[in-house]
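Everything on this sheet refers to the single structure shown next.
In structure tokens form, the structure reads like this:
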């Protein structure tokens, strides 16, 4: 069974008399454990696709099955629960809450879990996630005290804390220098290899897209190419990531 | 339970993060609550001080005197309907005719117009004989008004325990006595002796004790031979400024230990020789009873909790005593109940109080302290409403401040809201976060405002000598009002936040 199945999904925005076809019929199946990178120029419809895949928006037409369940027309509250449980988001700007410790940032998705968790449960889960990303010693640091790479790793820890089946990363390297970008990409690769989690990553850079196992190009709201890829593993020698803090810091 | 805990955790983290905003929003509520609590304290203080002054003037005092000698200026004025009325209890004329066949003889003694005695036949055994009564010849007090044996300790106890609204009851026996210092028998003083109970000092609010204190309830129960000297007596017996505590004095050849000296708190009524309060000595009523082998009381002094109830309670006491003494409807009282209000109006009222009264009421003549009390309470009530109104407005402004800051914060924190929604927050989670934040800050602001108000009122009291009183209720009210204000102020901003779309909120710059 596919983790994700889009069936002729369309998204049309009505702007006054004009209607903009952001997605004009996209069909796509993604299997568990795939590392899919979606590329496209701005305005190609990749962001809209991302929003629909992330249950942040609903398609105008077509069906979206997530883990076999049709989520195309669920009410807002149920979509919120799905985002909370099944999807981990990683954003371009990290989107960490300022003046809040790394541990508290990682805790945020747990605060909205149903049924609610106890405070101690939340704390231990958050520390566990930070530890998995080699950040245990940064748990009490505020985002402003962390480097860009560390911030993005906190964000990844937050995406993983509720043990989702899918990670959606929207230009995760957009705000990082190339060295740190490579480190983050290796980290995501490593995560997939170790836990078999499905990753969908959106980028406009071909070099970043090359880290995926499958590359999809989007243009004018349509998929123009969909090819398997041998992931790039070059760059630094990252054996043992994330245990070696020095490599990522 | 847990469901709430995590909402609080969210709100608390957000508040901690936005310290400046939190503080500013709190400030408005703090000022409002502070104003509210302070004005309530001032109003309550004013109310208390009016009450204090009225009570100090004796407005709430009722004195029951044994026996019933009443002077009637003209015959036939009284009627049976007067029975039991305060200050004009009279006998049925027919009874008076029968028992006083010698009316008019009084003119022989005082040379004035004939006076008509209306007396209870038990009061004066001489009354049934065909010659002037003692009172006719000597006047009321010399004839021993109050010496009739009609009041008992049980009467006092019944008043104390059965009538609601009664504050203190002190029974009294009054004699004239000669007091001698044991160590120097040349030092003697002839004065009034009051046998009374330990409650008397709380009834006589104007009292202060330069040395020692009043005898205790236990000393009364044990019939101890202890004595409290009036200031005048202490000065005469031991000299001015000498501490007489522990000295022995003789009364009826019995030795008494001096345990206290009573003086006047007020500069307006300084102890002088011959007055009834300070040229007097006080001993336990039980001791007097046991030494003199008596059981009667001359007086029962009662205070009421509220000056406004004095007349009603006086009437209840009349009815109670008539019933206890088995007096039928046709018979006159064998006691006199007097409330002190009218007696004291002449001299017990402070000038500023009198001025307020004169401004409020047309005729001073018909005024009683009770009316005065009521009218002052009304004026005070108006002031309370006014002050509370002003405080309410400032609280409202504080509430609008909270709302304004929350609205600003919704705009400022749009990205945060979007992020939280992306991470799984429902609209209701977002709304409750904002509401809890607002309630929390208002509550905290309310608490802080209360603390500041306590200091403000304390310094007002200290610097301006204003009388204030912070009641527990006013604090509770202020904090509840503040919390409700938080809810009211946050509903609109919270809805605005909850209605945000996650995508546009996330992309908000």
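Protein chains in written order, with my numbering: chain Z, 5 to 253; chain W, 300 to 808. For glycine and all other residues, C-beta sits at the position ideal for the given N, C-alpha and C. Values in this document were obtained by computation on a predicted structure and should not be read as measured data.
For residue 718/W, the C-beta contacts it makes with chain Z under 7 Å involve 99, in order along the chain. Taking residue 219/Z as the centre and dropping the five residues before and after it, the same chain places the C-beta of 41, 43, 213, 231 and 233 closer than 7 Å to its C-beta, in chain order. Between residue 56/Z and residue 33/Z, the CB-CB gap reaches or exceeds 9 Å. When secondary structure is reduced to three states using DSSP, residue 226/Z falls in the strand class.
Rounded to whole angstroms, residue 82/Z and residue 101/Z show a C-alpha spacing of 24 Å. Looking at the DSSP output, residue 622/W shares a beta bridge with no other residue.
Around residue 602/W, the same chain offers 359, 360, 466, 467 and 502 as residues with beta carbons nearer than 7 Å, after the five sequence neighbours per side are excluded.
Under DSSP, the beta-bridge partners assigned to residue 451/W are 595/W. In the DSSP assignment, the residues bridged to residue 40/Z are 204/Z and 218/Z. Sorting 608/W, 636/W and 604/W by C-alpha distance to the C-alpha of residue 619/W places 636/W at the top. Interface residue (Cβ-Cβ distance to chain Z less than 9 Å): residue 801/W is classified as such. Interface annotation, residue 25/Z: not in contact with chain W, CB-CB separation never under 9 Å.
Distance from the CA of residue 180/Z to the CA of residue 207/Z, rounded to the nearest whole angstrom, comes to 13 Å.
Spanning the alpha carbons of residue 155/Z and residue 97/Z requires a straight line of approximately 9 Å. Partner residues in a beta bridge of residue 705/W, as assigned by DSSP, do not exist. In this structure the stretch 112-127 of chain Z does not lie against the stretch 139-157 of chain Z, because fewer than three pairs of beta carbons, one per stretch, are closer than 8 Å. C-alpha of residue 512/W to C-alpha of residue 363/W: approximately 26 Å in a straight line. In the three-state reduction of the DSSP assignment, residue 103/Z falls in the coil class, being assigned neither a helical nor a strand state.
Shown here, residue 175/Z sits in coil according to DSSP, grouped into three states, outside any helix or strand. Residues of chain Z whose Cβ lies closer than 8 Å to the Cβ of residue 316/W are, in chain order, 101, 102, 103 and 104. If you check the CB distance, residue 506/W and residue 470/W do not come in under 9 Å. Counting along the chain, the unbroken alpha helix (DSSP H) around residue 194/Z starts and ends at 182-199. Residue 176/Z is positioned such that its CB atom lies no closer than 9 Å to that of residue 236/Z.
At least one C-beta of chain W is nearer than 9 Å to the C-beta of residue 162/Z. Inclusion of residue 530/W and residue 489/W in the CB contact set at 9 Å is not warranted, their separation being larger than that value. For residue 806/W, the enclosing alpha helix (DSSP H) stretches over residues 801-806. By the Cβ criterion, the stretch 109-123 of chain Z is in contact with the stretch 713-728 of chain W, since at least three pairs of Cβ atoms, one from each stretch, lie closer than 8 Å.
A residue is called buried once 16 or more other Cβ atoms fall within 10 Å of its Cβ, and residue 343/W is buried on that count.
Here residue 169/Z is near residue 90/Z, since their CB atoms are less than 9 Å apart. From the beta-carbon of residue 707/W, no residue of chain Z is found nearer than 8 Å; the closest lies around 17 Å away.
Cα atoms of residue 561/W and residue 528/W: separation of roughly 6 Å, rounded to the nearest angstrom.
By the beta-carbon neighbour count (other beta carbons within 10 angstroms, threshold 16), residue 757/W is exposed. Distance check between residue 508/W and each of 557/W, 803/W, 318/W and 774/W places 557/W closest, using alpha-carbon atoms only. Apart from the 5 residues on each side of it in sequence, residue 92/Z sits with its Cβ closer than 6 Å to the Cβ of 163, 164, 168 and 171 in its chain, given in chain order. The three-state reading of DSSP puts residue 132/Z in helix, counting H, G and I together.
In the pairwise beta carbon analysis, the stretch 782-791 of chain W is classified as touching the stretch 727-743 of chain W: at least three pairs are separated by under 8 Å.
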